[in-house]
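Residue 625 is where the sequence shown ends in this note's numbering, and the numbering goes up by one at each step. Just so it is clear, CB atoms sit at the ideal spot from N, CA and C, and this is done for glycine as well. Model, not experiment: these values are computed from the prediction. Shown next, in structure tokens, is the structure this report addresses.
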Amino acid sequence: MALARADRGVDATARAFWSQVHPVFMTPPLAASLFGAILAGRLEATLAVVHVVAMFAAVYTAHVKDGYVDFYVRGEDDDHPLTERGCRVALVLSTATVALCCLLLFVFVDWVAAALVLPTWVIAYHHAPQLDMHPVTATVGYPLGIALSLVGGFYVQAETITAVPLGFALVFLVLLSGIKVIDDAQDYDYDRSIEKRTVAVLVGPRRAHTIAYGMMGAALLTVVALALARVFPPTAMLAALAFAAVGTIARRATPEIATMLLIRGSYVFLAVLVAAVWFEPLAPLI
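Below, the structure written as structure tokens:
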């Protein structure tokens with residue numbers, strides 16, 4: 340029985356499976372895992388790779404399940420590259436990959452390292468059609484996965500959890516949740532028609548817009564406060580300034596353009612934070 344809808348053969352099947360890799364949404368969780376490892380101050384490459392693969396497989400699970408629900412269950416999408424059986428095979432493979440990574444982390448680190456991975460798969464698998472129907476879980480599901488990825492990446496290296504990774508995880512949770520509210524506002528009319536209760540549907544697009552930028556502003560102020568308290572490197576404030584500049588431009592744009600700008604702004608935000616943490620050991624020399 341075919342796994343790809345468009346064509347048969349190994350190449351067509353491989354392309355269909357690869358189509359569920361969406362770099363825009365894949366990159367932040369993987370980068371968060373590596374950022375967590377950098378925060379730990381050491382890098383055991385093998386363990387870092389295992390954790391990154393686990394995060395990749397978890398997000399891949401979300402993409403396959405979301406596509407399956409949108410096309411085969413809800414009828415929202417016009418097409419899907421995988422057959423129903425192909426979706427199930429992909430889910431089995433991604434889930435098995437997460438399970439294998441958890442086993443390796445349990446053996447080579449400890450049970451906490453594995454336990455920090457498991458919720459990311461739970462969020463991914465249940466995002467559609469369960470979690471994406473409620474305003475809270477629809478908003479924080481993806482950002483919470485990234486926060487867990489960061490904390491997990493740190494723990495795999497350090498075998499402990501400190502205020503620094505928790506602080507960064509909180510910042511990303513709030514910041515990305517704000518971006519998600521803006522993103523969901525793009526689909527306000529359709530979501531309302533199917534009774535999908537996003538924040539925009541619940542309070543209206545204009546109020547959701549205010550809430551979203553309030554959340555992002557709170558996240559940036561948290562970065563500044565923790566930098567002044569020396570929990571974060573002082574140079575982390577540059578990341579807040581960089582994202583604030585992007586946010587100011589995005590606020591005047593349509594939800595679609597704003598989402599594009601804010602997602603890319605979050606990449607800049609993370610890049611500046613990585614640089615701030617990476618070069619902090621040089622601070623006494625400057």
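Contact check, residue i vs residue j, beta carbons under 9 Å
i           : j           : result
residue 520 : residue 478 : yes
residue 378 : residue 492 : yes
residue 517 : residue 554 : yes
residue 414 : residue 355 : no
residue 511 : residue 371 : yes
residue 523 : residue 557 : no
residue 585 : residue 600 : yes
residue 530 : residue 537 : yes
residue 341 : residue 420 : no
residue 590 : residue 552 : yes
residue 403 : residue 439 : no
residue 616 : residue 575 : yes
residue 422 : residue 343 : yes
residue 488 : residue 369 : yes
residue 405 : residue 471 : yes
Among the options, the one whose alpha carbon lies nearest that of residue i
i           : options               : result
residue 469 : 534, 432, 440 and 427 : 534
residue 525 : 536, 594 and 495      : 594
residue 550 : 346, 365, 530 and 513 : 513
residue 444 : 497, 485, 400 and 481 : 497
residue 466 : 407, 515, 421 and 450 : 407
residue 451 : 499, 382 and 544      : 499
residue 400 : 373, 552 and 358      : 358
residue 475 : 431, 539 and 423      : 539
residue 375 : 486, 365 and 529      : 486
residue 281 : 341, 350, 382 and 416 : What the structure shows of the chain is the stretch from 340 to 625, and residue 281 is not part of that stretch, so it cannot be assessed.
residue 614 : 431, 573, 368 and 544 : 573
residue 490 : 473, 617, 349 and 509 : 509
residue 618 : 351, 348, 380 and 588 : 380
residue 299 : 563, 588 and 480      : No statement about residue 299 is possible, as the shown extent of the chain runs from 340 to 625 and does not include it.
Distance cut-off 8 Å: residue i Cβ against heavy atoms of the ligand ATP
i           : result
residue 544 : Summarising the ligand content, the structure contains no ligands, and the ligand ATP is consequently not present.
Inter-residue CB distance, residue i and residue j (contact presumed, cutoff 8 Å)
i           : j           : result
residue 602 : residue 363 : 6 Å
residue 397 : residue 437 : 6 Å
residue 453 : residue 484 : Actually they do not touch by this definition, with Cβ atoms about 16 Å apart.
residue 482 : residue 515 : 4 Å
residue 416 : residue 409 : 5 Å
Sufficient close CB pairs (3 or more, under 8 Å) joining the stretch 499-512 to the stretch 387-395: no
Alpha helix (DSSP H) runs wholly inside the stretch 483-509, at least 4 long, in chain order: none
Segment contact flag, the stretch 446-464 with the stretch 391-405, C-beta cutoff 8 Å, min 3 pairs: yes
At least 3 beta-carbon pairs within less than 8 Å: the stretch 593-609 vs the stretch 569-584: Three or more Cβ pairs drawn from the stretch 593-609 and the stretch 569-584 lie within less than 8 Å of each other, which places the two stretches in contact.
Ranges of the beta strand (DSSP E) found wholly within the stretch 376-435, counting only runs of at least 3: DSSP runs (the beta strand (DSSP E)) wholly in the stretch 376-435: none.
Complete runs of the alpha helix (DSSP H) confined to the stretch 514-579 [at least 4 residues]: 527-532, 538-542 and 544-567
Runs of beta strand (DSSP E) wholly within the stretch 594-622 (minimum 3 residues, chain order): none
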